[in-house]
Amino acid sequence: MNEVTKKLIDKLYNTSSLEEAEYLHLINNRTPEVTEYLRSLAVEVRKKHYGNKVYIRGLIEISNYCKNDCLYCGIRRSNKLVERYRLTEEEIISCAHVGYSLGFRTFVMQGGEDPYYTDERMCGIISEIKRNYPDCAVTLSLGERSRESYERLYSAGADRYLLRHETADSCHYSRLHPSELTLENRIDCLNSLKKIGFQTGCGFMVGSPYQTPENIAKDLKFVETFSPQMCGIGPFIPHKDTPFRDFDAGDAEFTCYLLSIVRLAVPTVLLPATTALGSILEGGRELGILSGANVVMPNLSPEDTRKKYSLYNNKLSTGAESAEKLTLLKEKIAAIGYEVVTDRGDAIKM
Ligand code: 5AD
């Protein structure tokens with residue numbers, strides 16, 4: 194391995210920090226040998242903090258209505274071909290009920306930005322779940338809301354919030370989103386969430402249209418500096434009813450390479466091997482775990498709504514990524530030397 198590259202990786206391992214230009218060097222000098230070295234260190238660091246535990250989160254996709262029009266996303270408001278749905282409070286609670294008996298101790302309520310879910314409605318659902326399952330964590334992934342709204346959701350008992358920054362470069366951000374959405378506001382939201390006390394997750398897509406190696410170096414530096422409790426990194430996958438239908442999907446191996454780097458930059462981060470990763474590569478989720486990830490988020494949504502929550506095409510939702518097939522997932526994880534646990538799986542403080 195190139196001496197400079199090895200030195201940089203050792204610096205990242207020892208200090209959990211690199212300059213943006215140094216991240217760029219790692220991005221541009223990816224070889225099988227470098228990948229393997231990064232992976233071995235990432236696994237070592239993850240083992241040190243979390244052993245061989247893999248945390249599971251039950252994903253409840255509460256609504257595919259969205260007021261936004263992100264160019265990459267299958268549930269963007271201008272896609273008239275999606276059949277829209279939203280789950281009732283009772284349906285959401287019943288997903289949590291099923292999930293609890295399967296062993297889930299975190300429920301992630303994710304949805305498009307659907308104004309139906311006012312603070313009042315969301316707070317009702319959150320407090321009901323927390324009342325029924327006081328030993329569970331509630332994670333929200335509901336996009337951009339006001340600071341006051343985030344405060345109310347937190348007071349109602351929500352523990353965590355996922356809001357991917359999507360790209361840390363504002364020019365790139367503006368090529369992926371309509372002009373009403375800005376990176377500045379996204380970052381303000383993330384800062385508010387963290388300040389309020391949420392365990393906060395940011396994240397980005399790999400191989401999204403127009404993304405450059407420089408953009409990814411910025412993402413890595415942003416993740417390092419923001420130091421989130423969670424970080425979602427998955428490949429971009431085109432959806433046929435979006436303006437990005439003709440772009441290529443992101444690369445699974447490169448996604449895993451970035452997972453290893455993020456594990457070293459934020460050693461205690463809860464890092465999912467995403468459904469998108471599993472969807473573009475057979476065994477992708479396992480490869481993610483072997484690269485430093487320690488979370489998987491099986492789908493707990495009612496079976497008939499899953500295909501409607503189509504952010505990208507060919508999304509897996511019925512195999513080991515579905516909550517009902519948890520036994521299969523456990524076997525697959527055990528086969529690579531890890532253990533799926535029944536645990537809230539909170540971020541440990543450094
Ligand atoms: N490919 C991959 N990921 C996508 N997301 C949205 N659309 C796509 C796509 N076409 C991701 C975004 C969002 C998360 C919920 O799903 O990063 O934050």
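All residue numbers for the sequence shown refer to our numbering, where the first residue is 194 and numbers rise by one.
Glycine included, each C-beta is placed from N, C-alpha and C at the ideal position.
Pull up the distance between the alpha-carbon of residue i and that of residue j, whole angstroms please.
i      : j      : result
Leu474 : Ala445 : 6 Å
Glu213 : Ala361 : 12 Å
Ser275 : Glu196 : What sits at residue 275 in the sequence shown is Val, not Ser. Rounded to whole angstroms, Val275 to Glu196 spans 51 Å at the Cα level.
Ser363 : Arg379 : 10 Å
His365 : Arg324 : 42 Å
Thr224 : Ala442 : 20 Å
Glu341 : Asn222 : 44 Å
Asn272 : Val238 : 42 Å
Pro421 : Cys395 : 7 Å
Tyr293 : Asp352 : 17 Å
Leu480 : Ser210 : 24 Å
Thr375 : Met423 : 22 Å
Ile506 : Gly512 : First, the residue type needs correcting, since residue 506 is Asn and not Ile in the sequence shown. About 16 Å.
Leu335 : Tyr243 : 28 Å
Thr468 : Val416 : 21 Å
Leu522 : Asp307 : 31 Å
Thr332 : Gly425 : 13 Å
Gly538 : Lys501 : 29 Å
Glu215 : Ile541 : 27 Å
Leu519 : Leu346 : 29 Å
Gly530 : Thr228 : 20 Å
Flag this pair as yes or no: are the beta carbons of residue i and residue j separated by less than 7 Å?
i      : j      : result
Thr311 : Tyr354 : no
Leu440 : Pro406 : Note that residue 440 is Phe in the sequence shown, not Leu. Not in contact: Phe440 and Pro406 (Cβ atoms no closer than 7 Å).
Val455 : Ile249 : no
Asn544 : Glu524 : Missing from the structure shown is residue 544; the chain here goes from 194 to 543 and no further.
Leu356 : Leu383 : yes
Ile409 : Ile220 : yes
Gly471 : Gly477 : yes
Thr461 : Val399 : no
Ile268 : Gly304 : no
Ile318 : Glu284 : no
Glu254 : Ser494 : yes
Tyr265 : Phe397 : no
Cys316 : Ala349 : yes
Asp536 : Arg298 : yes
Val247 : Ile430 : no
Leu464 : Ala235 : no
Looking at the structure shown, is residue i part of a helix, part of a strand, or coil, going by DSSP?
i      : result
Ile249 : strand
Val275 : coil
Lys255 : Lys is not the amino acid found at residue 255; the sequence shown has Ile there. Here Ile255 sits in strand by DSSP.
Phe437 : coil
Arg353 : strand
Glu431 : In the sequence as presented, Glu is not what sits at residue 431; that position holds Pro. It is coil, neither helix nor strand.
Ser515 : strand
Cys424 : strand
Asn384 : helix
Gly267 : coil
Gly471 : helix
Glu212 : coil
Asn506 : coil
Glu359 : strand
Asn222 : coil
Just to confirm, does residue i get its C-beta within under 6 Å of one of the non-hydrogen atoms of the ligand 5AD?
i      : result
Leu376 : no
Cys382 : no
Ala469 : yes
Cys424 : no
Phe547 : The shown model of the chain, from 194 to 543, leaves out residue 547, and the question about it has no answer.
Met398 : yes
His432 : yes
Phe300 : no
Tyr326 : no
Arg546 : Residue 546 falls outside the range modelled here, since the chain spans only 194 to 543, and no answer is possible.
Tyr265 : yes
Leu504 : yes
Phe415 : no
Phe429 : yes
Could you give the first and the last residue of the continuous alpha helix (DSSP H) run that contains residue i?
i      : result
Gly317 : Asp312 to Asn325
Leu464 : That residue, Leu464, is in no alpha helix (DSSP H); it is neither H nor E in DSSP.
Arg368 : Ser363 to Leu369
Gly292 : Glu282 to Leu295
Thr498 : Glu496 to Arg499
Glu229 : Pro225 to Tyr243
What are the boundary residues of the beta strand (DSSP E) that residue i is part of?
i      : result
Thr393 : Gln392 to Val399
Ala330 : Ala330 to Ser334
Gly481 : Gly481 -> not in any beta strand (DSSP E); alpha helix (DSSP H) instead, spanning Gly477 to Leu483.
With respect to 6 Å, is the separation between the Cβ of residue i and the closest non-hydrogen atom of the ligand MG below this value?
i      : result
Cys449 : In the structure shown, the ligand MG is absent; the only ligands present are the ligand 5AD.
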